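In the numbering used here, the protein residues as written are 3 to 403. The beta-carbon is built from N, C-alpha and C at its ideal position, and this holds for glycine as well. The structure presented is a predicted model; accordingly, all values stated were derived computationally and were not measured. Here's the structure, in structure tokens; my notes come after.
Here it is, written out as structure tokens:
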């Protein structure tokens, strides 16, 4: 549902509501408090099933503070979703409204399909008109909501997998310390199964069946359960698929290992030209900027469909171009018509996106294509060419002159 002007004005002055929060400006500690509020509304512990609202430009009593709502402010508020601190990325909108005759910025936050949602590793919830950090019992309730809700594919169970198929050492030594701050871990007395459930690696502590996410992140052999969960890399000496293959590898394993080994291939085949004559100092230019390649490959793995397909992500490197294809077409708010539009993103695999951030392969959400475009332009490459179909997305990157 969406709120009209009358709904917003009523919520603005309902000081006991747990669906509204008010801030006079967006300075000082307000950006942090606003992120905590977004996290709490996304978790929807009371079970309202309705969006929560953060009013920027309103005093505690609901009266307007006289804030000027600029484009810069709206961009800062949109960054609440994409800066990588709230995971999984929340569904929210940002808009300027005129309430009680004055401007206010309104952030509307929808309940998450896959709670709990965390801000910097902590689960925030609404407790009446204020927010707080979830207790162990609150977290169990949120896990149950995910368990029985309409879950994204990446948190659905893999019935043929067991706890023995997950690498506990990798989870304890690498994933958990990256996912949670040290003080949270120090105060945490949860069991192994409860920790797996809290990170969505299993369905629940009392039903420890690995999820698709758990298999992708923690299983040494995810292809045993998800046959398409790998990258097919080909290096072809020529311009056509029928030309000789000089390097070929099916890169599989846990998603972090797949990304690292794919990076190694990209580095190994990316030649660098050295210009010693056109300028006073030598100038080095790679055929392709590595950050652009990494962004496109990581997007392909993060946003691909792992459901009802055995196709891998394919990276085919020719002498004059690289073609990268990802199974699964546009998802949600992203369509064939608006694909690649700056700032527009949606998540087929929201918990996998969270894992990418935890593992250090994504710092911000929704900026991968924009970053790739910028890096290609800076390096002198033509812009990326996208081929968007209902069943796959293809990207062609052409070498720098």
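With which residues is residue 251 paired in a DSSP beta bridge?
-> 235
At which residue ranges does the segment 170-217 contain complete alpha helix (DSSP H) runs of 4 or more residues, listed in the order of the chain?
-> 178-181, 184-188, 194-200
Which term fits residue 269, buried or exposed, when burial requires 16 or more other beta carbons within 10 angstroms of its beta carbon?
-> exposed
Proximity to residue 238 [Cα-Cα], best of 271, 223, 232, 259 = 271
Any contact of the segment 47-65 with the segment 9-21, i.e. 3+ C-beta pairs under 8 angstroms?
-> yes
Residue closest to residue 373, alpha-carbon to alpha-carbon, out of 334, 298, 168 | 298
Among all the DSSP beta bridges, which residues are the ones paired with residue 399?
-> 324
Using DSSP with H/G/I as helix, E/B as strand and the rest coil, what is residue 391?
-> coil
Short Cβ contact (8 angstroms threshold) for residue 399 with residue 290 | yes
May I ask you to report which of helix, strand or coil DSSP gives residue 260?
-> helix
So the alpha helix (DSSP H) residue 374 belongs to, where does it begin and stop?
-> 370-381
Determine the closest residue to residue 305 out of 356, 324, 344, with distance taken between C-alpha atoms.
-> 356
Give the single residue among 124, 203, 388 whose Cα lies nearest to the Cα of residue 301.
-> 388
Compute the Euclidean distance between the alpha carbons of residue 279 and residue 402, then round it to the nearest angstrom.
-> Note that residue 279 scores a pLDDT of 49, beneath 50, so its modelled location is shaky and nothing firm can be said.
Quick one: grab the DSSP three-state call for residue 7.
-> helix
Along the alpha helix (DSSP H) that carries residue 122, what are the first and last residues, could you check?
-> No alpha helix (DSSP H) contains residue 122, which DSSP labels as neither H nor E.
Cβ-Cβ separation, residue 10 to residue 128 (assumed contact under 8 angstroms), whole Å | At roughly 18 angstroms, the Cβ-Cβ gap does not stay under 8 angstroms, so residue 128 and residue 10 are not in contact.
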